[in-house]
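J.: Structure in structure tokens, see below.
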Amino acid sequence: MKIGISGATGQLGRIVVNKLTSKGRATNVVALVRSPEKAADLGVEARAFDYNAPETLAPALAGIDSLLLISGNEPGARLRQHASVLEAAKKAGVRHIVYTSLLRADSTTLVLGPEHKGTEELIIASGIRYTILRNGWYFENYFSGLSHVASSGELFGSAGEGKISAATREDYAEAAVAALTSQGHENKTYELAGDTSFTLADLAKTVSEVS
27 MKIGISGATG
37 QLGRIVVNKL
47 TSKGRATNVV
57 ALVRSPEKAA
67 DLGVEARAFD
77 YNAPETLAPA
87 LAGIDSLLLI
97 SGNEPGARLR
107 QHASVLEAAK
117 KAGVRHIVYT
127 SLLRADSTTL
137 VLGPEHKGTE
147 ELIIASGIRY
157 TILRNGWYFE
167 NYFSGLSHVA
177 SSGELFGSAG
187 EGKISAATRE
197 DYAEAAVAAL
207 TSQGHENKTY
217 ELAGDTSFTL
227 ADLAKTVSEV
237 S
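For what it's worth, our numbering labels the leading residue of the sequence shown as 27, then goes sequentially.
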């Protein structure tokens with residue numbers, strides 16, 4: 027079974043590829059990336075695959091059985107890009123799509139929500155077997171600002187007293203690998219998040235204690 031990983035040189039995609047190769051699946055994995063030369067260190071086949079160049083999509087998906095569609099990172103362009111991928115996937119005969127969506131994509135008020143919800147609807151309507159992974163907040167999103175928090179004693183955010191159940195990219199990658207390689211996940215949607223919740227005040231306190 028050939029597994030295609032879009033965005034394979036990105037932060038999440040790279041972890042997924044490494045997890046698959048560590049399980050002895052290197053010959054079955056295809057890195058789908060804009061610049062194949064940048065994927066050389068992954069140790070898998072790499073094919074040109076550009077969301078904004080639709081002509082690259084169907085050829086890159088030839089022979090792919092399962093596709094991990096990691097959502098694009100251009101706000102306002104995601105739905106168009108994802109629609110092009112789905113059209114190409116149908117032409118190429120892809121049998122299973124795993125999509126990295128957003129936690130509670132069907133009801134969230136986050137500005138990213140509509141594009142993820144729209145993509146989910148397109149995937150379901152495509153007739154291709156699917157697994158939708160509604161990923162929660164990435165814990166790593168906080169890392170770049172922690173040094174400022176430690177030095178200034180200030181942590182800015184809009185969550186108020188709301189609780190956050192973040193998880194690491196490693197955790198979300200593990201879920202993607204499971205959906206791609208094990209049975210029983212077809213035509214299912216999973217809400218994914220960390221197993222503990224915290225407020226921004228909790229995070230600030232922890233940073234203060236360890237710095």
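Beta carbons: idealized from backbone N, C-alpha and C, even for Gly.
Have a look at Thr135, Arg106, Leu138, Ser92 and flag the residue whose alpha-carbon is nearest the alpha-carbon of Arg155.
T.: Here residue 155 corresponds to residue number 129 of the sequence shown, with the count starting at 1. Nearest option by C-alpha distance: Ser92.
J.: In or out: Ser223 buried (at least 16 other Cβ within 10 Å) or exposed?
T.: By one-based count along the sequence shown, residue 223 stands at place 197. Exposed: under 16 other Cβ atoms inside 10 Å.
J.: Between the region 77-85 and the region 49-56, are three or more C-beta pairs nearer than 8 Å?
T.: As far as the Cβ criterion goes, the region 77-85 does not touch the region 49-56, which means the pair count is below three.
J.: Give me the residue from Gly139, Ala219, Tyr164, His122 with the minimum Cα distance to His211.
T.: As a working mapping, residue 211 is identified with position 185 in the sequence shown. The candidate whose alpha carbon is nearest that of His211 is His122.
J.: Expressed to the nearest angstrom, what Euclidean distance is found between the alpha-carbon atoms of Gln143 and Arg106?
T.: Mapped onto the sequence shown, residue 143 falls at position 117. Mapped onto the sequence shown, residue 106 falls at position 80. Here residue 143 is Lys; the residue named in the question, Gln, does not match the sequence. Rounded to the nearest angstrom, the two C-alpha atoms are 13 Å apart.
J.: Can you look up His142 in the DSSP assignment and give me helix, strand or coil?
T.: For the purposes of this step, residue 142 is identified with residue 116 of the sequence shown, where counting begins at 1. Note: His142 maps to helix in three-state DSSP.
J.: Pick helix, strand or coil for Ile123, following the three-state DSSP scheme.
T.: For the purposes of this step, residue 123 is identified with residue 97 of the sequence shown, where counting begins at 1. If DSSP states are grouped into helix, strand and coil, Ile123 belongs with the strands.
J.: Using the rule of at least 16 other Cβ atoms within 10 Å of the residue's Cβ for burial, across every protein chain shown, is Thr2 buried or exposed?
T.: One cannot answer for residue 2 here, as it falls past the ends of the chain, which runs 27 to 237.
J.: When DSSP builds the beta bridges, which residues end up paired with Glu147?
T.: Here residue 147 is taken as the residue at index 121 of the sequence shown, counted from 1. DSSP output for Glu147 lists no bridge partner at all.
J.: Check each candidate in Ala199, Thr225, Ala205 and name the one with the smallest Cα separation from Lys45.
T.: For this step, residue 45 is matched to residue 19 along the sequence shown. It is Ala199.
J.: Starting from Tyr200, trace the beta strand (DSSP E) in both directions and tell me its first and last residue.
T.: Position 174 of the sequence shown, counted from the start, is the residue given in the question as residue 200. It should be pointed out that residue 200 corresponds to Glu in this sequence rather than to Tyr. Run containing Glu200: none in the beta strand (DSSP E); it sits in the alpha helix (DSSP H), 195-207.
J.: Given that a residue counts as buried once 16 or more other Cβ atoms are within 10 Å of its Cβ, and exposed if not, what is Ile150?
T.: As a position in the sequence shown, residue 150 is number 124, starting the count at 1. Exposed is the call here.
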